[in-house]
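S.K.:
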Amino acid sequence: MESLLVSALVVAIAEIGDKTQLLAIILATRFKKPVPIILGILVATLANHALAALAGSLASGFFGGVWFKWAIAISFIAMAAWALIPDKADDDMPGGRGRYGVFLTTTIAFFLVEMGDKTQIATVALGARFHDVLWVAAGTTLGMMAANIPAVYLGEAATRIVPLKYVRLGAALIFLGLGVWAGLEAFRT
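In structure tokens:
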């Protein structure tokens, strides 16, 4: 249960102001069809984060030992620094209506834009930390949905509810705490 709750909290906070949340806002304002957009985000996130959690869990099995534990600790601390950097919508982000419809366009765009994103990398690190692909993927997906459903329904107004600089600071502190926690566990080994 710890892996579910920590994963959900970390990703929900990290997602606020992230490029995938900005994509959700762009898609919502462009298509004005929240249900297929939300379902597309759900499918893309489940697929992407299940693969990311699996990669993290498998990598920890191959690279066990104290050095890998230190690598996980350092990756969380690096994520803390990355969380402080604001994201902006990329000009080349997918999102055109195309011939595939709102659901498929959202699913493909979200899956591709999430590649290498800080929430995906956090999912890899959480998979390595907890060794529980199902609960980590479920938690990170829950966190993504918690951050993106309001973005879809509220559009640009969602980014004004909470000042993003404070959200980024909160996310950075959570990642730093996870890094220190993982570092202490590595130190005890």
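Each step along the sequence shown adds one to the number in numbering that gives the first Met the number 0, with nothing skipped, and position 40 is 39. C-beta atoms are modelled at their ideal positions from N, C-alpha and C, and glycine is treated no differently.
1) Apply the 10 Å Cβ neighbour rule to residue 4 and answer buried if 16 or more other Cβ atoms are within range, or exposed otherwise.
2) Measure the beta-carbon distance from residue 113 to residue 43 and round it to whole angstroms, keeping in mind my assumption that it falls under 8 Å.
3) Apply the 10 Å Cβ neighbour rule to residue 64 and answer buried if 16 or more other Cβ atoms are within range, or exposed otherwise.
4) Write down the C-beta distance between residue 164 and residue 13 rounded to the nearest angstrom, noting that I regard them as a contact closer than 8 Å.
5) For residue 18, name the three-state secondary structure that DSSP assigns.
6) Compare the C-alpha of residue 107 against each of 152, 127, 124, 35 and name the closest.
7) Rounded C-beta distance between residue 138 and residue 51? I'm assuming under 8 Å.
8) With a threshold of 8 Å on Cβ separation, who are the neighbours of residue 134 within its own chain once the five nearest residues in sequence on each side are excluded?
9) Find the nearest neighbour of residue 182 within the set 109, 100, 72, judged by alpha-carbon distance.
10) Let me check understanding here. Comparing Cα to Cα, which of 143, 47, 83, 123 lies closest to residue 70?
M.R.: Put simply:
1) As a working note, residue 4 is residue 5 in the sequence shown. It counts as exposed.
2) Taking the sequence shown and counting its residues from 1, the one referred to as residue 113 is at position 114. Taking the sequence shown and counting its residues from 1, the one referred to as residue 43 is at position 44. Between the beta-carbon of residue 113 and that of residue 43 there is about 7 Å, and that keeps the pair under the 8 Å contact cut.
3) On the sequence shown, position 65 is the one that residue 64 refers to. Residue 64 comes out exposed.
4) Numbered from its first residue, the sequence shown carries residue 164 at position 165. Numbered from its first residue, the sequence shown carries residue 13 at position 14. 14 Å between Cβ atoms; not a contact.
5) As a position in the sequence shown, residue 18 is number 19, starting the count at 1. Residue 18: helix per DSSP, three-state reduction.
6) Indexing the sequence shown from 1 puts residue 107 at position 108. Comparing Cα positions, the closest option is 35.
7) As a first step, residue 138 must be located in the sequence shown, where it is residue number 139. As a first step, residue 51 must be located in the sequence shown, where it is residue number 52. No, residue 138 and residue 51 are not in contact; Cβ-Cβ is about 12 Å, not under 8 Å.
8) Walking along the sequence shown from the start, residue 134 turns up at place 135. 0, 2, 3, 6, listed in sequence order.
9) On the sequence shown, position 183 is the one that residue 182 refers to. If we check each option's Cα against that of residue 182, 72 comes out closest.
10) Position 71 of the sequence shown, counting from 1, holds the residue named residue 70. If we check each option's Cα against that of residue 70, 123 comes out closest.
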